[in-house]
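*Asks:*
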Amino acid sequence: MHIPPPPSFPEDEAAKEAVGAVIAWYGRQLLDARRAGDQQRLEELTGQMQACAEDRRRLVDAAPEEIERIKGLYAERLRNLEVGGS
C-alpha cells in the first residue's frame with residue numbers, strides 16, 4: 000500500500016531551502032579545500048555538512064516550532080558564512 004507523504008507547508012520549504020543553502024555553501028568550500036589539498040579543512044567541512052544533513056532529515060518529522068527554529072538558525076548561519084567565510 001502506498002502512503003503519500005505528509006503535506007508540505009511554506010515554513011517546511013523555507014527551512015529546507017535555508018538548510019540546503021548552507022549545505023551548498025559548504026559544498027563549494029569542500030571543493031576548494033579538496034583542490035588545495037587541505038585535509039584538515041576537508042574533515043571540518045565534511046563534519047559540518049553531515050550535521051546539516053541530519054538537521055534536514057529532522058525536518059521531516061519536526062513540530063512547527065522546531066521547523067521555525069531550524070529555519071532561523073540556518074538563515075543566520077548562512078549570513079555568517081557569507082560574511083565571515085567559515
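When we follow numbering that gives the first Met the number 0, the leftmost residue of the sequence shown carries the number 0, and every step to the right adds one.
The C-beta atom is built at its ideal place from N, Cα and C for all residues, glycine as well.
How far does the alpha helix (DSSP H) with Ala-74 in it extend, from its first residue to its last?
*Replies:* Residues 63 to 83.
*Asks:* Am I right that Leu-58 and Ala-14 are in contact with their C-beta atoms under 8 angstroms? What's the rounded C-beta distance?
*Replies:* 6 angstroms between Cβ atoms; contact.
*Asks:* Is it right to say Gln-38 is buried, meaning 16 or more other beta carbons lie within 10 angstroms of its own, or is it exposed?
*Replies:* Exposed, because fewer than 16 other Cβ atoms sit within 10 Å of the Cβ of Gln-38.
*Asks:* Going by alpha carbons, who is nearest to Gln-28 out of Asp-60, Glu-43, Val-18?
*Replies:* Nearest option by C-alpha distance: Glu-43.
*Asks:* Does the beta-carbon distance from Trp-24 to Leu-72 come in below 9 angstroms?
*Replies:* No. Outside cutoff.
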